[in-house]
Amino acid sequence: MIDQEGKYMTNNSFAASRQPSTSDMSGFTLNDSRGVTPKHSAYLGKDSHANLDDVTMKNSFIFNQQPAEISEDKDWPIAGATKSTENETSRPAPPNHAVSEVPAPIAFPATPINARTPPTKRIEYLAGLISIATLMVTLIHFIFTFSPAMGMIGALEHYSYEITIRKTIGSYLLNQILLGLFFITSTRFLISRYLRTGDLGSIAEKTTGRTFRVMIPIAACALLEYFLMDVGALTWLEYLPSISWTTWPYAVEYTDFSHYISEVLELVYLLPNAAPQITYNYCTGVLWTIPVQIEGSWITLLGCIVVRQIKTPWKRMCYYAFCIVNHWYAQSWGTFFWFGVLYTDLDVTFKYKKWLKEHAIVLWTGITIGFLLAIAGLSNDLITAWTGFSLPIVERGIHPDPETGLPIAQTANAGYPEYFNPRFNGIIFAVGLQFVIENCYPVQYFLSMKLWVMLFPHIFTIYLVHGLVWWSLGSIVCVHLAAYTPLPYWSVVLITAVVCYGTLFASLPILTPVVETLGKNVTGNIWRMAHDEPAPRRKTLFPFPDRLFLDYEGKKEEIVDEQKDVEKKAGVKVHEEEM
Numbered sequence: 007m008i009d010q011e012g013k014y015m016t017n018n019s020f021a022a023s024r025q026p027s028t029s030d031m032s033g034f035t036l037n038d039s040r041g042v043t044p045k046h047s048a049y050l051g052k053d054s055h056a057n058l059d060d061v062t063m064k065n066s067f068i069f070n071q072q073p074a075e076i077s078e079d080k081d082w083p084i085a086g087a088t089k090s091t092e093n094e095t096s097r098p099a100p101p102n103h104a105v106s107e108v109p110a111p112i113a114f115p116a117t118p119i120n121a122r123t124p125p126t127k128r129i130e131y132l133a134g135l136i137s138i139a140t141l142m143v144t145l146i147h148f149i150f151t152f153s154p155a156m157g158m159i160g161a162l163e164h165y166s167y168e169i170t171i172r173k174t175i176g177s178y179l180l181n182q183i184l185l186g187l188f189f190i191t192s193t194r195f196l197i198s199r200y201l202r203t204g205d206l207g208s209i210a211e212k213t214t215g216r217t218f219r220v221m222i223p224i225a226a227c228a229l230l231e232y233f234l235m236d237v238g239a240l241t242w243l244e245y246l247p248s249i250s251w252t253t254w255p256y257a258v259e260y261t262d263f264s265h266y267i268s269e270v271l272e273l274v275y276l277l278p279n280a281a282p283q284i285t286y287n288y289c290t291g292v293l294w295t296i297p298v299q300i301e302g303s304w305i306t307l308l309g310c311i312v313v314r315q316i317k318t319p320w321k322r323m324c325y326y327a328f329c330i331v332n333h334w335y336a337q338s339w340g341t342f343f344w345f346g347v348l349y350t351d352l353d354v355t356f357k358y359k360k361w362l363k364e365h366a367i368v369l370w371t372g373i374t375i376g377f378l379l380a381i382a383g384l385s386n387d388l389i390t391a392w393t394g395f396s397l398p399i400v401e402r403g404i405h406p407d408p409e410t411g412l413p414i415a416q417t418a419n420a421g422y423p424e425y426f427n428p429r430f431n432g433i434i435f436a437v438g439l440q441f442v443i444e445n446c447y448p449v450q451y452f453l454s455m456k457l458w459v460m461l462f463p464h465i466f467t468i469y470l471v472h473g474l475v476w477w478s479l480g481s482i483v484c485v486h487l488a489a490y491t492p493l494p495y496w497s498v499v500l501i502t503a504v505v506c507y508g509t510l511f512a513s514l515p516i517l518t519p520v521v522e523t524l525g526k527n528v529t530g531n532i533w534r535m536a537h538d539e540p541a542p543r544r545k546t547l548f549p550f551p552d553r554l555f556l557d558y559e560g561k562k563e564e565i566v567d568e569q570k571d572v573e574k575k576a577g578v579k580v581h582e583e584e585m
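Just so we're aligned, residue 7 is where the sequence shown starts under this note's numbering, counting upward by one.
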């Protein structure tokens with residue numbers, strides 16, 4: 007009985023949450039005027055006794071239907087619901103009472119306008135992965151600013167152990183190829199819903215809001231840094247190289263406000279691989295990844311539409327291989343995004359995780375290979391530090407030079423790739439580690455720890471603001487401690503790290519709501535205004551007449567229009583009795 011009636015419920019109807027259960031709810035409807043008594047309670051059966059013994063997870067209304075089985079177009083009848091027909095006899099009117107014209111009521115949607123949509127199920131280990139990767143990026147920038155010898159070849163060192171760290175764990179902790187994890191993981195949040203349902207509306211929503219979601223908070227943070235740099239927040243950064251012996255951190259002020267507008271717009275339309283001009287006016291220059299993210303979004307959103315139409319699995323895999331190889335040869339960041347589409351498609355469409363769990367040998371072999379690929383990708387800088395051989399230089403020489411068409415190794419542009427160019431060791435690291443994360447339960451358990459998940463809503467704020475904290479407050483603390491205290495430099499850096507990270511984390515509860523409001527909420531409103539049909543427009547005095555107040559003075563002495571005197575038509579001669 008429950009299954010037969012439950013599947014006809016309308017998905018967007020409030021009555022769907024009042025489905026009959028094994029308790030006596032057959033007489034309860036949303037239109038009933040009587041109150042809910044214990045006999046008809048949703049929690050008590052007849053005679054006020056609990057009647058939920060027969061309700062199980064299988065026959066409960068929560069579990070008896072799938073979202074895809076609910077029809078939003080058909081309005082199926084609900085058992086026990088009161089209905090009104092056109093032939094129904096209405097209540098008799100009072101004597102001498104003419105039925106007045108009442109405007110038709112507004113047909114409000116069943117779901118309240120201000121009701122929040124149910125939160126989507128978040129994949130906890132991916133949230134933890136992004137949180138850890140963000141923290142590692144902040145650590146890299148801190149080391150480059152205050153102790154460059156740990157992360158950069160040729161930088162002057164304060165202590166000999168800095169070189170030792172660079173030649174050992176520095177290659178694994180201070181490696182910029184962690185950025186590939188951002189690009190692969192971001193594709194899942196963009197296309198998983200479309201690959202699961204085939205709803206092009208999700209693609210339209212992401213296409214409409216993606217640029218606004220990224221650029222509105224960036225424009226606000228860039229404007230904030232513009233103001234702070236203009237009032238001298240980075241004054242002490244000029245004195246930092248004489249203490250930290252680093253030449254990496256520097257930033258210049260905008261010439262005028264038009265340059266700020268131009269550089270923000272450049273981020274939207276700039277084609278990788280290139281360094282945006284705003285990197286010289288923004289602390290740590292992290293915004294070079296924004297053109298990569300935006301261009302990768304279009305690759306992902308368009309690519310998944312094509313992929314879903316290729317029904318034969320081996321043809322689909324060949325298409326993936328074709329796109330990945332061409333993007334790699336063209337030195338495009340699209341290689342990371344295509345691998346992200348591949349992983350999402352394998353999980354959503356082909357359910358490869360379930361198959362791997364049934365074949366343990368294949369699963370653990372793949373995890374081992376993925377782990378080795380990740381270690382090999384991170385070990386590149388370690389190999390270079392000890393042997394002088396650099397895989398990125400050799401691999402870059404294979405690609406064609408955009409100006410001459412020759413291999414780069416045969417041109418004057420040969421050498422180590424720029425930081426905004428993808429590297430082969432970064433590709434194999436991201437692909438291998440992503441497979442391990444997707445299929446290894448101990449790794450997922452670590453990434454799903456509450457600490458990392460709690461940090462996830464703040465990652466965009468950390469990404470945008472940490473450079474300003476490092477180069478303003480950090481430079482002030484470091485310079486003053488080194489100048490006015492006898493502390494050794496290692497303790498100065500340690501105190502600076504505590505102050506900087508403490509300030510950054512303390513500012514998150516204040517800055518994150520602003521960033522999310524400017525990004526997520528404004529983007530959601532833009533999509534709703536573009537997609538949803540607006541509510542019918544009504545006059546201010548609706549449902550009262552327009553001349554309610556204009557005719558008030560004339561009605562003090564007598565009734566102006568006796569045809570509209572409802573009281574007199576009803577037989578109540580109030581005005582005559584007053585006379």
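All C-beta atoms, glycine included, are put in the ideal place defined by N, C-alpha and C.
Which listed residue (the options) has its alpha carbon closest to that of residue i
i, options, result
"Pro319", "Tyr358, Leu479, Phe395", "Tyr358"
"Leu229", "Met221, Trp242, Ser250, Tyr266", "Tyr266"
"Met221", "Asp538, Pro540, Val521", "Val521"
"Trp476", "Leu384, Thr502, Pro494, Leu514", "Thr502"
"Leu517", "His472, Ile311, Pro551, Thr491", "His472"
"Asp409", "Ala418, Glu401, Arg402", "First, the residue type needs correcting, since residue 409 is Glu and not Asp in the sequence shown. When only C-alpha atoms are compared, the closest one is Ala418."
"Glu424", "Ile149, Cys227, Pro278", "Pro278"
"Ile209", "Met235, Ala512, His537", "His537"
"His333", "Ile284, Glu244, Gly383, Asn427", "Asn427"
Nearest-angstrom Cα separation, counted from residue j out to residue i
i, j, result
"Leu180", "Gly157", "6 Å"
"Ile84", "Gly215", "Residue placement at Ile84 is poorly supported in this model, since its pLDDT is 37, which falls under 50; the coordinates are not used for a value here."
"Lys212", "Trp242", "42 Å"
"Leu588", "Leu201", "Nothing about residue 588 can be read from this structure; the chain reaches only from 7 to 585."
"Thr306", "Trp339", "12 Å"
"Trp294", "Ala280", "8 Å"
"Tyr232", "Ile482", "19 Å"
"Thr203", "Leu362", "24 Å"
"Arg429", "Leu470", "24 Å"
"Gly394", "Asp262", "45 Å"
"Phe466", "Arg553", "54 Å"
"Trp254", "Gln182", "15 Å"
"Asn445", "Ile373", "7 Å"
"Pro73", "Leu145", "Model confidence at Pro73 stands at a pLDDT of 39, short of 50, so the residue's coordinates are unreliable and nothing is read from them."
"Gly376", "Leu524", "38 Å"
"Ser153", "Trp251", "8 Å"
"Arg543", "Gly207", "26 Å"
"Gln416", "Asp236", "45 Å"
"Ile112", "Ser303", "In this prediction, Ile112 has a pLDDT of 46, which is less than 50 and means its spatial position is unreliable; nothing more can be read from the coordinates."
"Lys545", "Cys227", "41 Å"
Beta-carbon contacts of residue i that lie in its chain and below 7 Å, excluding the five residues immediately before and after
i, result
"Ile381", "none"
"Val449", "Val442, Ile443"
"Leu276", "Pro282, Pro297"
"Pro139", "Looking at the sequence provided, one finds Ala at residue 139 rather than Pro. Only Leu184, Leu187, Phe188 meet the Cβ criterion."
Close Cβ partners of residue i (< 6 Å) along its chain, the five nearest in sequence each way excluded
i, result
"Met142", "Leu184"
"Asn386", "Leu397, Asn431"
"Gly186", "Phe342, Gly432, Ala436"
"Ile330", "Thr341, Trp344"
Sub-8 Å separation of residue i and residue j beta-carbons
i, j, result
"Thr350", "Arg194", "yes"
"Leu162", "Val485", "no"
"Ser177", "Leu388", "yes"
"Ala509", "Leu474", "A quick correction: the sequence has Thr, not Ala, at residue 509. Not in contact: Thr509 and Leu474 (Cβ atoms no closer than 8 Å)."
"Leu487", "Val504", "no"
"Leu271", "Pro282", "no"
"Arg199", "Thr529", "no"
"His164", "Tyr495", "yes"
"Ile300", "Ile224", "no"
"Ala391", "Arg172", "yes"
"Ile434", "Leu493", "no"
First and last residue of the uninterrupted alpha helix (DSSP H) at residue i
i, result
"Pro515", "495 to 522"
"Lys363", "358 to 364"
"Pro398", "397 to 402"
"Tyr447", "447 to 453"
"Leu180", "Per DSSP, Leu180 belongs to no alpha helix (DSSP H) and is neither H nor E."
"Ala488", "481 to 490"
"Tyr232", "206 to 236"
"Ser153", "Careful: Ser153 lies outside any alpha helix (DSSP H) and carries neither H nor E."
"Tyr349", "340 to 354"
Cutoff 8 Å; reference residue i; Cβ partners in own chain excluding five residues on either side
i, result
"Leu514", "His464, Thr467, Ile468"
"Ile414", "Arg402, Gly403, Ile404, His405, Pro406, Asp407, Ala420"
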